[in-house]
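Chemist: Residue numbers (my numbering), protein chains in the order written: chain B, 424 to 697; chain U, 157 to 473; chain V, 16 to 286. Backbone N, C-alpha and C define an ideal beta-carbon position, used for all residues, glycine too.
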Amino acid sequence: MMLKVDQLTVRFGRRTTPAISGIGFHIDQGERLGLIGESGSGKSVTSLAVMGLLGDTARISGSIRWKGEELVGRSDAHYSRLRGAAMGMVFQEPMTALDPTMRCGRQVAEVVRLHAGADRGQARAKVLEILATVGLADPERIADSYPDELSGGQRQRVLIAMAMVNSPQLLIADEPTTALDVTVQAKVLEELDRMLANTGAGLLFISHDLAVVARMCERIAVMYRGSIVETGRLDQVLGNPQHPYTAGLIATADITSAEPGSRLPVIQDFWRQS
Amino acid sequence: MRTLKLLGNFLICLAVASVVVFAVVNLLPGDIAGVILGPNASPESVAALRERMGLDEPLVMRYVTWMGTLLSGHVPRSALSGAPVGADIAGRFAVTGWLVFFGMGVAICLALPMGAWAALNRHRPSGWLVSGFAQFGMAIPAFMVGICLTIIFGVKLRWFPANGYVEASTSVTGWLSHLVLPSITLGAVQGAILVRYVRSAFVDVLRTDWFRTARSVGWRRWAAVWRHGLRNTALQLVTVVGLQVGSLFAGAIVVESVFAIRGIGTYLLQNVSNRDLPVVSTIVLMLVALVLVVNLLVDLSYGFIDPRLRNRRRLGR
Amino acid sequence: MKRAVLWAGATLVALVVLACLVSVAWLPTDPNTVGTPTLAPPSADHPLGTDNLGRDLAARLLVGARSCLLVGVVAVSIGAVIGVPLGIIAGGSRGVAATVLMRGADIVYAFPALLLAILLAAARGHASTFTAMAAIGLSTIPAFMRVTRSAAVDVLAQDYVMAARGAGFGLGHIALRHVLPNVAPVVLVQSSSAFGVAILAEASLSYLGLGTPPTTPSWGRMIYEAQSFVYSDIQLAALPGICIAAAVLGFNLLGDGLRDLLDPTLREITR
């Protein structure tokens with residue numbers, strides 16, 4: 424088992440109600456798990472907890488095991504060696520996720536040098552290679568650009584390059600295409616898919632969009648109000664939802680089946696049925 | 157284009173400032189010659205001084221004469237002795253310049269690590285401690301800090317000279333050792349003020365998405381702050397330090413008094429008690445001009461610090 | 016934590032105000048009576064001892080609170096009364112008028128309080144409490160203008176202000192009814208911080224002999240007079256120093272506490 428999360432509960436500050444409670448899931452080598460749920464359901468808190476990036480105000484209990492080794496309570500120094508090397512992460516908002524005062528190529532190169540100890544020349548070569556891999560047509564130009572000279576799609580590709588450049592075994596993608604245009608979204612997903620297949624990396628894919636999760640993952644976990652309410656193989660969950668929230672999610676995702684002129688279904692409808 | 161506009165602004169501000177200084181001295185009620193000579197002066201000597209200072213000429217003419225003297229690179233003569241004071245002022249400015257330079261150095265060296273520490277540990281007691289320490293530093297008057305440092309390091313421990321000043325041309329070590337306590341005094345007080353700005357600038361950095369990205373690729377907190385935080389806060393910090401130059405010079409006036417340093421501040425105070433108005437107003441205008449020059453330099457430096465501004469120029473936006 | 020800062024500040028400020036009130040109602044002895052013993056240790060007659068001229072230290076400290084508060088109140092009033100309306104006008108106007116106002120603030124900002132005080136003292140022929148208060152007050156105007164202007168700009172962009180304008184209300188009405196109440200909190204915070212700055216400036220000016228005249232006890236001046244005796248009688252300088260620090264700290268903390276109270280803080284998730 425590569426990543427195993429058990430009974431993970433996170434509280435912030437003095438609040439007594441947890442942001443997430445009793446979360447449990449696992450990801451094997453090369454496996455892809457989709458974490459789906461509405462905004463505020465605790466998806467992002469879960470992903471940040473796995474990366475060890477929750478702030479000082481967060482109180483974490485439960486267990487996060489990486490290849491059998493417990494990560495909860497480990498020092499930041501220890502965690503930092505995993506981040507960017509064994510695990511990579513891509514966030515939702517590409518417009519603000521790059522340092523505006525540094526050329527993109529250098530930002531990627533520093534990740535290579537930090538973990539692989541490569542010299543400037545080697546790092547540069549690797550940067551250009553990975554930028555080409557993520558589907559950027561002119562890697563030289565992109566590398567020498569400042570973030571505000573690039574489009575949102577280009578920036579997100581640079582960020583994916585940063586996360587993938589050291590060939591991590593697990594990529595955590597938190598709504599990576601939500602902020603992008605639909606056409607760009609499809610391309611970025613396609614490239615992500617290809618890269619993961621090539622490197623054999625596992626994926627924790629976080630989204631509120633069932634169609635996107637279905638395209639990327641073989642297993643899904645459904646989050647609702649800080650808990651995982653349902654988990655299983657994609658076809659099982661979609662074919663036979665056990666939890667009313669999941670049923671609602673599936674029904675509302677497919678609006679093409681709705682009768683023209685009729686009222687669209689909302690999640691609440693499925694609560695009342697159960 | 158931007159440079160020209162800033163330069164124009166600077167010149168207008170400088171001109172207005174000179175009018176303000178001139179107006180304060182010349183338009184407040186009271187006869188200047190009478191003020192200079194004091195209440196016991198005879199009417200004849202007052203009249204003689206009025207004649208010598210050209211006070212019977214129209215206001216505008218006197219302003220033009222004053223500015224003409226300054227712009228031609230001279231300073232007005234002392235109203236009391238009639239002696240030229242240009243060399244005095246230049247020498248005194250050099251002394252104060254070093255004090256302010258080293259004071260600013262001390263302030264920055266204190267404030268950067270303390271502010272960064274306070275920001276990174278803002279949810280921990282050690283961070284509150286640093287913030288609280290800075291609060292105390294802000295509340296203690298500079299002269300009090302100076303007196304304490306003199307007692308401890310100048311008199312009790314005898315590590316550094318307690319007061320006075322030695323020219324670098326006489327003895328470099330003497331010059332440096334005489335500057336230690338005054339620079340720390342000036343720097344500690346300014347540094348305490350600066351800590352707050354550094355802290356809030358770094359807290360803003362810690363909340364950015366790109367800082368989170370830097371952390372997610374494996375940078376430790378301090379490394380991420382060092383690599384990304386400094387370059388992103390540089391703009392703000394240069395602005396704040398630039399704005400502090402005025403209060404740094406004002407602080408230097410106090411610090412010079414505490415340590416009996418013959419700089420521009422003690423010279424200015426000496427001329428205030430001599431009521432030598434032409435000298436006082438000229439030095440005040442020079443100090444104000446200095447503040448405005450620094451503000452201009454800060455504005456100009458934006459173009460070099462921020463790549464976004466740089467790009468805009470390159471792309472002709 | 017936030018409340019703690021606010022309460023600490025309020026307590027220190029209350030102590031200074033209390034000292035001032037006590038000094039009006041009752042004093043151990045007259046603070047200016049010169050006599051023997053000089054440099055005496057604390058005793059029944061002189062709770063904190065006497066200074067080099069035999070004046071009662073406790074009485075002088077209590078009366079010192081008066082000049083500290085007087086200078087603060089007058090200076091902050093000058094700054095607020097001039098700075099706030101100008102800030103609102105600058106926030107509400109466009110083009111040349113706004114530029115001229117803010118450039119004016121920049122120019123005043125280039126005159127530190129100390130330089131203004133020196134200039135005024137020189138022009139009047141002698142320093143006084145008046146020149147000190149005027150100088151400190153004038154130098155706080157730009158800060159008041161800036162915070163008021165940015166708050167006013169925010170308020171003026173609100174829909175209800177647009178609606179009031181659309182309904183035909185004049186600018187004076189909008190400034191009084193909508194802008195002023197909304198900028199009041201920031202002005203309050205700024206006043207508290209400016210008060211601390213003013214006390215420090217007054218202390219420096221008194222120390223340099225450019226503030227309160229010798230007959231009126233002032234903390235800054237007491238330190239100046241004690242400077243020759245600091246090696247033998249440190250309390251003569253230390254006690255007024257502590258008073259200044261406590262007063263400034265009080266107003267600074269009060270300002271910070273109020274700011275935190277009025278500012279909804281951002282929720283932080285990542286570290």
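Going by DSSP, what residue range makes up the alpha helix (DSSP H) through Trp-284 of chain U?
Modeler: Start and end: 281 to 295.
Chemist: Pull up the distance between the alpha-carbon of Cys-527 of chain B and that of Gln-579 of chain B, whole angstroms please.
Modeler: Between Cys-527 of chain B and Gln-579 of chain B, the C-alpha separation is close to 11 Å.
Chemist: Contact check, His-631 of chain B vs Val-645 of chain B under 8 Å by CB: the rounded distance?
Modeler: Not really, about 11 Å apart at Cβ, beyond 8 Å.
Chemist: Given a cut-off of 8 Å on the beta-carbon distance, is the pair Ile-303 of chain U and Ala-34 of chain V in contact?
Modeler: No. Outside cutoff.
Chemist: Whose C-alpha, out of U:Leu-391, U:Thr-326, U:Ala-380 and U:Phe-405, is nearest the C-alpha of Leu-456 of chain U?
Modeler: With distances taken between Cα atoms, Leu-456 of chain U lies closest to U:Leu-391.
Chemist: Pull up the DSSP beta-bridge partners for Glu-493 of chain B, would you.
Modeler: According to DSSP, Glu-493 of chain B bridges with B:Arg-488.
Chemist: Starting from Leu-135 of chain V and walking both ways along the alpha helix (DSSP H), at which residues does that stretch end?
Modeler: Its alpha helix (DSSP H) spans residues 128 to 139.
Chemist: In the DSSP assignment, find the alpha helix (DSSP H) that holds Val-162 of chain V and state where it starts and stops.
Modeler: Val-162 of chain V -> alpha helix (DSSP H) spans 144 to 171.
Chemist: In chain order, which beta strand (DSSP E) runs of at least 3 residues are fully inside the region 583 to 659 of chain B?
Modeler: Complete beta strand (DSSP E) runs here, min 3: 593 to 597, 625 to 630, 642 to 647 and 650 to 656.
Chemist: Just verifying my parser: in three-state terms, what is the DSSP assignment at His-61 of chain V?
Modeler: Of the three classes helix, strand and coil, the one that applies to His-61 of chain V here is coil, per DSSP.
Chemist: Is it the case that the Cβ atoms of Gly-24 of chain V and Gly-226 of chain V are separated by a distance below 8 Å?
Modeler: It is not a contact, given that the beta carbons lie outside the stated cut-off.
Chemist: Just the chain V side, please: which residues come within less than 7 Å of Ala-173 of chain U by C-beta, in chain order?
Modeler: Under the 7 Å cutoff, chain V gives Ile-122 and Ala-125.
Chemist: Using 8 Å as the cut-off, can you tell me whether the region 214 to 234 of chain V makes contact with the region 106 to 123 of chain V, which would need three or more C-beta pairs spanning the two stretches below that distance?
Modeler: Result no; under three Cβ-Cβ pairs closer than 8 Å.
Chemist: Apart from the five residues just before and just after Leu-277 of chain V, which ones in its own chain have a Cβ nearer than 6 Å to its Cβ?
Modeler: Taken in chain order, the residues that qualify are Pro-200.
Chemist: How big is the Cα-Cα spacing for Glu-323 of chain U and Ala-250 of chain U?
Modeler: Those two C-alpha atoms are separated by around 10 Å.
Chemist: With 16 as the cutoff for other CB atoms within 10 Å, does Pro-441 of chain B come out buried or exposed?
Modeler: The residue is buried, with at least 16 neighbouring Cβ atoms inside 10 Å.
Chemist: Is there a Cβ of chain U sitting closer than 8 Å to that of Gly-625 of chain B, yes or no?
Modeler: Not one chain U Cβ lies under 8 Å of Gly-625 of chain B.
Chemist: Checking contacts by CB at 8 Å: is Arg-355 of chain U closer than that to chain B?
Modeler: Not closer than 8 Å to any Cβ of chain B, the Cβ of Arg-355 of chain U fails to qualify, so no.
Chemist: Could you work out which residues of chain A lie near Arg-376 of chain U, taking near to mean beta carbons separated by less than 7 Å?
Modeler: This model lacks chain A altogether, as its protein chains are B, U and V.
Chemist: Kindly indicate which residue of V:Asp-275, V:Trp-22, V:Tyr-222 and V:Ser-38 has the alpha-carbon position closest to the one of Ile-133 of chain V.
Modeler: Closest option to Ile-133 of chain V, Cα to Cα, is V:Tyr-222.
Chemist: Run through DSSP, which three-state label would Gln-515 of chain B get?
Modeler: It is coil, neither helix nor strand.
Chemist: So with Cβ pairs under 8 Å, would you call Asn-267 of chain V a contact of chain U?
Modeler: Chain U, which has a Cβ nearer than 8 Å to the Cβ of Asn-267 of chain V, makes this yes.
Chemist: So, is Glu-533 of chain B buried or exposed, given that buried needs 16 or more other C-beta atoms within 10 angstroms?
Modeler: Glu-533 of chain B comes out buried.
Chemist: Could you tell me which chain U residues have their CB closer than 8 Å to the CB of Leu-223 of chain V, listed as they occur along the chain?
Modeler: Within 8 Å Cβ-Cβ: Ile-409, Val-410, Ser-413 and Leu-425.
Chemist: Which residues does DSSP list as the beta-bridge partners of Gly-457 of chain B?
Modeler: Answer is B:Phe-628 and B:Ile-643, bridged to Gly-457 of chain B.
Chemist: Leu-184 of chain U CB to nearest chain V CB: under 8 Å?
Modeler: So, interface residue.
Chemist: Going along the chain, which residues of its own chain have a beta-carbon closer than 6 Å to the beta-carbon of Lys-466 of chain B, five neighbours each way excluded?
Modeler: Closer than 6 Å at Cβ, skipping near neighbours: Leu-458, Gly-460, Ile-629 and Met-646.
Chemist: Tell me, which residues are paired with Arg-506 of chain B by DSSP?
Modeler: Per DSSP, B:Met-510.
Chemist: At 9 Å on the CB atoms, spell out the chain B contacts of Arg-387 of chain U, in chain order.
Modeler: Under the 9 Å cutoff, chain B gives Asp-522, Thr-524 and Met-525.
Chemist: Under the DSSP definition of a beta bridge, which residues are partnered with Asp-429 of chain B?
Modeler: Answer by DSSP bridge pairing, in chain order: B:Ser-486.
Chemist: At a CB distance below 9 Å, what residues from the region 532 to 550 of chain B approach chain U? Give them in sequence order.
Modeler: Flagged, chain order: Glu-533, Val-534, Leu-537 and His-538.
Chemist: Could you name the residues of the same chain whose beta carbon sits closer than 6 Å to that of Val-32 of chain V, not counting the 5 residues immediately before and after it, in chain order?
Modeler: The answer is none, since no qualifying residue turns up.
Chemist: Who pairs with Arg-434 of chain B in a beta bridge, going by DSSP?
Modeler: Paired residue(s): B:Arg-482.
Chemist: On the three-state DSSP scale, how would you describe Asp-71 of chain V?
Modeler: Asp-71 of chain V falls in the strand class under three-state DSSP.
Chemist: Within 10 angstroms of the Cβ of Thr-285 of chain V, are there 16 or more other Cβ atoms? Answer buried if so, exposed if not.
Modeler: Because the pLDDT at Thr-285 of chain V is just 44, under 50, the model does not fix this residue reliably, and the point stays unresolved.
Chemist: Indicate whether the contact test is met: 3 or more Cβ pairs, each with one atom in the region 283 to 295 of chain U and one in the region 362 to 379 of chain U, closer than 8 Å.
Modeler: No: fewer than three Cβ pairs fall under 8 Å.
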